[in-house]
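Presented below is the structure to which this report refers.
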Amino acid sequence: MAEQTPLNGLVVAQLIKEAGFPPGVVNVISGFGKIAGATLASHTDVDKVAFTGSTVVGRTVLKATAGSNLTKVTLELGGKSPNIVFDDADIDNTISWVNFGIFFNSGQCCCAGSRIYVQEGIYDKFVQRFKERALKNVVGDPFARDTFQGPLVSQVQFDRVMRRAGKDAGAKVEIGGKRKGEKGYFIEPTIFSNVSEEMSIMQEEIFNVMYSISKFKIKEEAISVGNKSSYGVVTTVHTNNFNVTIEVSNALRAGTVRGSRGRQ
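Read left to right, the sequence shown gives residues 5 to 268 (the working numbering).
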């Protein structure tokens, strides 16, 4: 878990204790990555290291384990997950999923679906309906029952995101792109349309609530742009055609490919 959110791990530890695990079976150690993380990755008594996070830190973990006792390592590094939406997709169901897919955790998730490719036949309708849905998201205190989207994790992350908002010329800001309120690290739900592949907001993992939408004509094009990323954690295919789901899923380079057929 990120060093900025140590309470998550401590709560899990409390639940493990309440579940009856014997003392010492599971240990939660809080600390900064450069100290606690580096020590664990390089320690000769550690038999296996699993890390989820950025590609930069993942490389550091590999170097540390290689330099100690060649510890076994599992890495899950970054994500710029695409949602591919075909003309025959159930729009209401699809929008529900793509809205949840990034805004639920303020985009701070490796599997957040921050890229959307929509087939041209429903592109305009999809963008309009998605805007309407995103504007209904309640942004605020994550402990409040009706809150849908909380803040970013830190001032550093907030400043990084705000510097990036709207930097790519040519992309249209449909909604958002600004700070929400005067206090805290809250950002409005943000949707960019007419985003081209070379734009950084389509290629880089910004880890926030910015959605980039582009259109495609045929499934071969969707496969091509879906794979045009240095990341490959999760992809979701939205169509009511099962054969298309299978064909596109097999062609996409991703660790996990989801298929959403909508309501029948």
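Where a beta carbon is used, it is the ideal one built from N, C-alpha and C, also for glycine.
CB contact flag (residue i, residue j, <8 Å)
{"i": "I205", "j": "I195", "result": "no"}
{"i": "Y121", "j": "P155", "result": "no"}
{"i": "N212", "j": "S110", "result": "yes"}
{"i": "V199", "j": "A226", "result": "no"}
{"i": "S228", "j": "Q207", "result": "no"}
{"i": "S253", "j": "V238", "result": "no"}
{"i": "V157", "j": "K184", "result": "no"}
{"i": "I39", "j": "D91", "result": "no"}
{"i": "M214", "j": "S118", "result": "yes"}
{"i": "S197", "j": "V248", "result": "no"}
{"i": "K84", "j": "E202", "result": "no"}
{"i": "V32", "j": "V53", "result": "no"}
{"i": "N244", "j": "D94", "result": "yes"}
{"i": "L81", "j": "S46", "result": "no"}
{"i": "Q159", "j": "F220", "result": "no"}
Span separating the alpha-carbon of residue i from that of residue j
{"i": "V50", "j": "D128", "result": "53 Å"}
{"i": "P10", "j": "I88", "result": "35 Å"}
{"i": "V60", "j": "R137", "result": "35 Å"}
{"i": "F107", "j": "Q161", "result": "16 Å"}
{"i": "V296", "j": "G71", "result": "Residue numbering for the chain in the displayed model covers 5 to 268; residue 296 lies beyond these limits and cannot be assessed."}
{"i": "G35", "j": "V65", "result": "16 Å"}
{"i": "N141", "j": "F134", "result": "11 Å"}
{"i": "V29", "j": "F190", "result": "38 Å"}
{"i": "F25", "j": "L44", "result": "23 Å"}
{"i": "G151", "j": "L74", "result": "The residue asked about is misnamed: residue 151 is Thr in this sequence, not Gly. Roughly 45 Å separates the two Cα atoms."}
{"i": "E192", "j": "Q153", "result": "9 Å"}
Residue i, buried or exposed, once every other Cβ within 10 Å from all chains shown has been counted against 16
{"i": "Q112", "result": "buried"}
{"i": "N103", "result": "buried"}
{"i": "I250", "result": "exposed"}
{"i": "T98", "result": "buried"}
{"i": "K21", "result": "exposed"}
{"i": "A258", "result": "buried"}
{"i": "Q268", "result": "With a pLDDT of only 41 at Q268, under the threshold of 50, the placement of this residue in the model should not be trusted; the figure read from the coordinates follows. With fewer than 16 Cβ atoms within 10 Å of its Cβ, Q268 is classed as exposed."}
{"i": "A68", "result": "buried"}
{"i": "P146", "result": "exposed"}
{"i": "T48", "result": "exposed"}
{"i": "L139", "result": "exposed"}
Bridge partner(s) assigned by DSSP for residue i
{"i": "G263", "result": "V241"}
{"i": "V53", "result": "V77"}
{"i": "T194", "result": "M214"}
{"i": "I126", "result": "Bridge partners of I126: none, in fact."}
{"i": "N87", "result": "I120 and T240"}
{"i": "F220", "result": "Q123"}
{"i": "K176", "result": "S197"}
{"i": "V143", "result": "Q153"}
{"i": "R183", "result": "I191"}
Cβ-heavy atom distance, residue i to the ligand NAD, below 7 Å
{"i": "V252", "result": "With respect to the ligand NAD, the structure offers nothing, as it holds no ligand at all."}
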